[in-house]
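Numbering of the sequence shown is given in our numbering, commencing with residue 85 and proceeding in unit increments.
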Amino acid sequence: DDFFINDEMERFPAGPCGGKIDWGWMQHIYSSLNDEGRAAVILDTGAASRGSGNQGNNKEKDVRKWFVDEDLIEGVIYLPENLFYNTS
């Protein structure tokens with residue numbers, strides 16, 4: 085958690101994301117965009133569905149909620165399984 089709090093580049097505005105790094109990458113990508121910037125990102129299905137804990141109890145869910153509350157997600161597209169090499 086100290087890494088996220090003391091990040092000199094302020095890449096993690098929603099804070100630490102727990103044990104999985106998917107939303108850490110999302111925060112880094114978001115922070116790298118200019119004011120007019122847009123990004124397209126491919127994450128595994130779990131990034132959109134993991135985290136059923138209570139608020140404050142599940143950091144990944146809290147970070148996902150931050151992206152939604154800030155109106156930063158335009159759309160989510162679920163792709164079929166086995167679309168990428170070495171995935172399930």
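Here a beta-carbon is modelled for each residue, glycine too, at the ideal position from N, C-alpha and C.
Measure from the alpha carbon of residue 163 to the alpha carbon of each residue in 128, 111, 154, then state which is nearest. Here residue 163 refers to the residue found at position 79 of the sequence shown. Taking residue 163 as reference, the option from 128, 111, 154 with the minimal CA-CA separation is 128.
Burial state of residue 98, where buried means 16 or more other Cβ atoms lie within 10 Å: For the purposes of this step, residue 98 is identified with residue 14 of the sequence shown, where counting begins at 1. By the neighbour-count rule (16 or more Cβ atoms within 10 Å), residue 98 is buried.
Have a look at residue 112 and residue 168 and give me their C-alpha separation to the nearest angstrom. Along the sequence shown, read from residue 1 onward, the residue named residue 112 stands at position 28. Along the sequence shown, read from residue 1 onward, the residue named residue 168 stands at position 84. The alpha-carbon atoms of residue 112 and residue 168 are separated by roughly 23 Å.
Do residue 106 and residue 130 have their C-beta atoms within less than 9 Å of each other? Numbered from 1 along the sequence shown, position 22 holds the residue referred to as residue 106. Numbered from 1 along the sequence shown, position 46 holds the residue referred to as residue 130. Closer than 9 Å, so yes.
Here's the rule: buried if 16 or more other CB atoms are within 10 angstroms of the residue's CB, otherwise exposed. What is residue 122? In the sequence shown, counting from the first residue as 1, residue 122 sits at position 38. Residue 122 counts as exposed, since fewer than 16 other C-beta atoms from the protein chains shown sit within 10 angstroms of its C-beta.
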